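Be aware that the sequence shown starts at 27, since it is given in the numbering used here, and climbs by one per residue.
Ideal Cβ positions, reconstructed from N, Cα and C, are used throughout, including at glycine.
Quick caveat, the model's predicted, so the values are computed rather than measured.
The block underneath contains the structure these notes are about, expressed in structure tokens.
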Amino acid sequence: MHIAGKSLVSLRDHYRRYLFEEYLPFWQRHGIDHELGGFICGLDHDGTCVDDSKNMWYQGRGLWTYSYLYRHFGGEENLQVATKARDFILAHGRDASGDWVTGLDRTGQVVSPATQRGYDGLFVAEGLQAYAHATGDRESLEIAIESLWRSLSLFDDPDRFIEEGYIPNNYPGMRILGSHMVLLLTLTQMLEQVADAKLEALCDRVVDAIVNHYWHPEYRLMSEALDHDYQRPADANEDFIYLGHAIETLWMLLPEAMRRKDRALFNLAAERFRRHLEVAWDDVYGGLFRAVNVHGAYTFDKVLWLQEEALVGCLILSEHAGLDWAGEWFARVFDYVEEHFSLQQYGYPLYLYSGDRKVSYAEHVGRKEHYHHPRCVMRNLLGLERMIEREGAVSDFWGEGGRG
27 MHIAGKSLVS
37 LRDHYRRYLF
47 EEYLPFWQRH
57 GIDHELGGFI
67 CGLDHDGTCV
77 DDSKNMWYQG
87 RGLWTYSYLY
97 RHFGGEENLQ
107 VATKARDFIL
117 AHGRDASGDW
127 VTGLDRTGQV
137 VSPATQRGYD
147 GLFVAEGLQA
157 YAHATGDRES
167 LEIAIESLWR
177 SLSLFDDPDR
187 FIEEGYIPNN
197 YPGMRILGSH
207 MVLLLTLTQM
217 LEQVADAKLE
227 ALCDRVVDAI
237 VNHYWHPEYR
247 LMSEALDHDY
257 QRPADANEDF
267 IYLGHAIETL
277 WMLLPEAMRR
287 KDRALFNLAA
297 ERFRRHLEVA
307 WDDVYGGLFR
317 AVNVHGAYTF
327 DKVLWLQEEA
337 LVGCLILSEH
347 AGLDWAGEWF
357 ARVFDYVEEH
367 FSLQQYGYPL
377 YLYSGDRKVS
387 YAEHVGRKEH
397 YHHPRCVMRN
407 LLGLERMIER
417 EGAVSDFWGE
427 GGRG
């Protein structure tokens with residue numbers, strides 16, 4: 027039982043050992059606020075706290091991580107972490123208008139007020155719906171849905187102006203792939219729990235935008251920024267491709283296609299996912315670049331989360347479609363991550379979060395990652411366990427052996 031020559035059992039054991047013997051113990055000791063609830067991400071390699079503030083993105087993301095962990099792997103200690111995080115978020119996270127603030131100090135005092143960016147509410151919504159899925163807590167699901175609609179109202183405001191630092195040109199009403207990505211991710215999970223016609227209609231709208239509007243037919247790549255009417259601008263954004271969001275969005279389209287039982291959508295997402303891997307790969311030093319201007323240059327840095335989004339997508343395609351190219355890409359990216367991002371070679375646990383083109387070692391850092399990284403580890407561990415149970419056979423989700 028192998029993926030491109032890699033033993034499924036060895037991969038499973040790698041992820042399981044790392045999750046339970048390295049990752050979770052580190053966060054249990056250093057990153058979880060056992061007293062007040064929530065997560066402290068401002069950590070150095072050895073766990074030293076360099077910033078104990080609580081960014082709302084990271085509180086929502088951490089709630090998702092520990093809710094998903096408890097739902098799939100159990101552990102009352104994991105439920106306790108999720109519950110205390112949920113309680114901290116609900117007690118301190120909203121202002122008098124009901125909007126999610128951007129940042130809190132460790133005790134829950136607001137240090138950064140709410141903005142119109144919308145991501146705070148989306149990540150809290152994703153975390154709360156995951157907690158609801160793990161525990162059956164109806165209130166959390168209701169608040170999650172309400173928070174999602176609040177974020178959508180911001181995105182739908184034609185006068186809204188937010189400076190997104192990674193996008194070349196910002197203007198009022200701009201619609202970005204990144205927000206559609208998180209909407210899709212959250213909606214897929216919500217609709218696995220509840221039948222809701224309004225949420226289903228919104229999901230249709232988001233999928234349509236991703237498939238038909240953000241797709242640039244000339245470049246055969248996903249645009250990152252469109253105007254408010256989903257038209258492609260004739261400016262510096264026209265050829266700007268944020269490869270990281272594109273790869274991440276396209277793997278998220280795979281489970282949504284499975285939820286809908288839409289094989290054509292699944293195959294389309296797979297084809298476009300592969301295209302972005304091929305364009306993003308650094309043929310000189312290896313790894314995936316996170317952005318490119320088609321008529322200019324790549325963004326020459328490397329981030330762990332992008333490599334891991336590729337791993338997630340490749341394993342989904344290996345498990346449910348048996349695509350050889352997906353297995354080959356999985357093996358290539360897996361080896362790259364272990365060689366360049368793992369901190370074991372420097373005497374520390376966990377992985378580097380980002381680096382330059384060569385992923386040069388940074389002696390000190392100001393943040394540890396508790397969302398994309400454990401999501402990849404947990405999703406892939408579960409997928410590998412299912413594949414091993416089937417003795418390496420492709421799942422029968424699509425029938426006829428599932429092969430694409």
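Could you pull out every residue in the same chain whose Cβ sits closer than 7 angstroms to the Cβ of residue i, ignoring the five residues on either side in sequence?
{"i": "E274", "result": "M207 and E335"}
{"i": "H98", "result": "M404 and L408"}
{"i": "G144", "result": "S177, L180, F181 and S205"}
{"i": "Y96", "result": "N104, L105, A108 and A160"}
{"i": "L217", "result": "L225, E226, C229 and R285"}
{"i": "D163", "result": "Y157"}
{"i": "D78", "result": "I66, G68 and R132"}
Taking the alpha-carbon positions, what's the residue i to residue j distance?
{"i": "L225", "j": "Y387", "result": "44 angstroms"}
{"i": "R201", "j": "S93", "result": "30 angstroms"}
{"i": "N263", "j": "I193", "result": "7 angstroms"}
{"i": "F52", "j": "T74", "result": "11 angstroms"}
{"i": "E297", "j": "E61", "result": "47 angstroms"}
{"i": "H28", "j": "L34", "result": "5 angstroms"}
{"i": "D361", "j": "V385", "result": "14 angstroms"}
{"i": "L213", "j": "G270", "result": "20 angstroms"}
{"i": "L167", "j": "A323", "result": "43 angstroms"}
{"i": "R120", "j": "G191", "result": "25 angstroms"}
{"i": "A306", "j": "Q54", "result": "35 angstroms"}
{"i": "T325", "j": "E364", "result": "22 angstroms"}
{"i": "Q370", "j": "R412", "result": "28 angstroms"}
{"i": "G134", "j": "T141", "result": "18 angstroms"}
{"i": "W355", "j": "R416", "result": "22 angstroms"}
{"i": "V318", "j": "N196", "result": "17 angstroms"}
{"i": "E48", "j": "E152", "result": "25 angstroms"}
{"i": "R231", "j": "E389", "result": "45 angstroms"}
{"i": "G147", "j": "G425", "result": "38 angstroms"}
Enumerate in chain order the residues of its own chain whose CB-to-CB distance from residue i is below 8 angstroms, with the five nearest sequence positions on each side excluded.
{"i": "L407", "result": "R38, Y41, R42 and L45"}
{"i": "Y372", "result": "H71 and Y387"}
{"i": "W351", "result": "R300"}
{"i": "A235", "result": "R201, H206 and Y256"}
{"i": "V233", "result": "L210, L279, E282 and L291"}
{"i": "P198", "result": "P184, D185, R186, F187 and H254"}
{"i": "L203", "result": "I236, Y240, M248, S249, E250, A251, Y268, H271, A272 and T275"}
{"i": "I414", "result": "M27, L34, V35 and R38"}
Which one of the options has the shortest CA to CA distance from residue i?
{"i": "H396", "options": "G409, Y379 and L303", "result": "Y379"}
{"i": "V320", "options": "E244, L210 and A117", "result": "E244"}
{"i": "D382", "options": "G373, A108, H366 and G101", "result": "H366"}
{"i": "T128", "options": "Q106, K110, F149 and A111", "result": "F149"}
{"i": "V76", "options": "H398, W331, G57 and A156", "result": "G57"}
{"i": "R358", "options": "D163, L314 and A122", "result": "L314"}
{"i": "I66", "options": "L269, E102 and K394", "result": "K394"}
{"i": "P139", "options": "H118, M216, A260 and G153", "result": "H118"}
{"i": "E250", "options": "Y268, E354, N195 and R258", "result": "Y268"}
{"i": "L303", "options": "V310, A272, P400 and Y324", "result": "A272"}
{"i": "G124", "options": "E172, Q85 and R87", "result": "E172"}
{"i": "L294", "options": "L174, N238 and S344", "result": "N238"}
{"i": "L116", "options": "G86, E102, E48 and G100", "result": "G86"}
Along the alpha helix (DSSP H) that carries residue i, what are the first and last residues, could you check?
{"i": "G409", "result": "H398 to E415"}
{"i": "G191", "result": "Here G191 belongs to no alpha helix (DSSP H), and DSSP marks it neither H nor E."}
{"i": "S380", "result": "Where S380 is concerned, there is no enclosing alpha helix (DSSP H), although the beta strand (DSSP E) it sits in stretches over S380 to D382."}
{"i": "D361", "result": "D350 to H366"}
{"i": "D77", "result": "Where D77 is concerned, there is no enclosing alpha helix (DSSP H), although the beta strand (DSSP E) it sits in stretches over C75 to D77."}
{"i": "E47", "result": "It is not in any alpha helix (DSSP H) - E47 carries neither H nor E in the DSSP assignment."}
{"i": "K110", "result": "E102 to H118"}
{"i": "M207", "result": "L203 to L217"}
{"i": "P259", "result": "Run containing P259: none; DSSP gives neither H nor E here."}
{"i": "I169", "result": "R164 to F181"}
{"i": "N293", "result": "R289 to A306"}
{"i": "G64", "result": "G64 -> no alpha helix (DSSP H), and no H or E assigned at all."}
{"i": "S10", "result": "The shown model of the chain, from 27 to 430, leaves out residue 10, and the question about it has no answer."}
{"i": "L95", "result": "M82 to F99"}
{"i": "W277", "result": "L269 to R286"}
{"i": "Q155", "result": "Y145 to T161"}
Starting from residue i, follow the beta strand (DSSP E) in both directions and report where the run begins and ends.
{"i": "K224", "result": "Looking at the DSSP string, K224 is not in any beta strand (DSSP E); the run it does join, the alpha helix (DSSP H), is A223 to D234."}
{"i": "V329", "result": "D327 to V329"}
{"i": "V137", "result": "V136 to S138"}
For residue i, which residues from the same chain have a beta carbon less than 6 angstroms from its beta carbon, with the 5 sequence-adjacent residues on both sides left out?
{"i": "I342", "result": "L280"}
{"i": "G63", "result": "K110, A111, D113 and F114"}
{"i": "D327", "result": "D382"}
{"i": "I169", "result": "L154"}
{"i": "P375", "result": "E48 and F52"}
{"i": "P259", "result": "D253"}
Is the region 338 to 358 touching the region 275 to 282 in the sense that three or more CB pairs, one from each, lie closer than 8 angstroms? yes
Between the region 204 to 218 and the region 174 to 183, do three or more beta carbon pairs fall short of 8 angstroms? yes
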